[in-house]
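Numbering (our numbering), first residue to last: 687 to 1012.
Glycine included, each C-beta is placed from N, C-alpha and C at the ideal position.
Values in this document were obtained by computation on a predicted structure and should not be read as measured data.
Structure record follows, encoded as structure tokens.
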Amino acid sequence: MTRNLDPDDVRLFSGRSNVPLAQKIGEHLQIPLEETKFSRFSNDNLFVQLGASVRGRIVYIVQSLTPPVSDHLVELLMMLDIAKSAAAREIHAIIPYFSYARSDKKDAPRISITARLIADLLHSSGATHVMTMTLHSPQVHGFFSIPADPLTARMTLEQFIRQRPLDPSRDVVVAPDMGRAKPAARFAAGLGLPIASADKTRISDTEVKIGGLIRRQVEGFKHAYVYDDEIATAGSVVELSEVLVESGVEKISLICTHGLFLGPALDRIKSIPQIQEIITTDTVERPSDRRPPNLKVISVGNVFAEAIRQNYLRRSIGELFEGMET
């Protein structure tokens, strides 16, 4: 029998980046989402106040690092600091989308490895544990000096795709670059489909070039499931989609954990009629003007909720998954 969390021992709060997901987590766990007050002083300083006592309790704070990223980050750091100052027993930062995971290396002079910096700030602000989902780079996990659990949406996405008829002679899973080849291979294995991997060279933050090796790998396939961790400006997946269409692919499904759809993303996606659907999760809350018409959103609120339950019961989170790789 599944044990519930003690609502008197636990406090669940949310920043302003993704309140709907925090509400789903609370509903699944049968604990209330407590009020948090946000306002700004005349000098633009942020004011935050937690709306329930946290003294001696276990606190979970939900906040995705979505645009405006700096505002949402400061909100999270302040909420962690408030919980620490108010004598919370444990403080868990639940970060469904950790955007700074992309800043994971020093590949230019005089730049910050910002993922490590943010990890340090979370710790110094009071977090005793971090939970996130599908980090852009697995090595970011090692930047945290406190326990960190990177969850995966892979099985949730697999379950959704398995509801449709799949044909290994027509359908193929495609990784947009070599860095996503292993996660895409696990996704393909779960669906019983073959895998192909593109060779991507990044020219800038918004421009990439796809090599020609992918053409031979997808020859004869008609439906490609492009599996990525996130879609921001859609430069990578659209460049890849153009190559897939030139190679004879007739239908493309874009699948990602974090669907941001920023800047020119929607126009880019609309330019490829073969992209017939986009499947993502609710780690990111999108305004209506950033939602493609063919978008399907699958909630991962239950994944976070069950991981929180396992954490609360001092049980292995790995029991929820076949593996923690994302």
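Shown here, Gln960 sits in coil according to DSSP, grouped into three states, outside any helix or strand.
Scanning its chain for C-beta atoms nearer than 6 Å, with the 5 sequence neighbours on each side dropped, one finds around Ala738 the residues Arg697 and Glu720, in chain order.
For the beta strand (DSSP E) assignment, the uninterrupted runs of no fewer than 3 residues enclosed by the region 775-808 are, from N- to C-terminal side, 776-781. Between Ile958 and Ser927, the C-beta gap is smaller than 7 Å, which places the two residues in contact. Residue range His815 to Met819 is occupied by the beta strand (DSSP E) that includes Met819. Distance from the CA of Arg775 to the CA of Asp695, rounded to the nearest whole angstrom, comes to 10 Å. Around Phe829, the same chain offers Ala801, Arg802 and Ala805 as residues with beta carbons nearer than 6 Å, after the five sequence neighbours per side are excluded. The Cβ-Cβ distance between Glu925 and His944 does not fall below 7 Å. When DSSP assignments are scanned along the region 924-1009, the uninterrupted stretches of beta strand (DSSP E) that are 3 or more residues long and fall wholly within it turn out to be 937-945, 961-967 and 981-984. A contact between stretches requires three or more CB pairs, one per stretch, nearer than 8 Å, and the region 959-976 meets this requirement with the region 706-719.
In the three-state reduction of the DSSP assignment, Ser700 falls in the strand class. Ala910 sits in a strand when the DSSP states are folded into three classes.
For Ser810 and Asp767, the gap between their C-alpha atoms comes out near 8 Å. Contact check for Asp790 and Ser823: beta-carbon distance about 4 Å, within the 8 Å limit, so the pair qualifies.
Per the C-alpha coordinates, the member of Pro862, Ser974, Phe907 and Ala870 positioned closest to Gly921 is Pro862.
By the 16-neighbour rule on beta-carbons within 10 angstroms, Met817 is buried.
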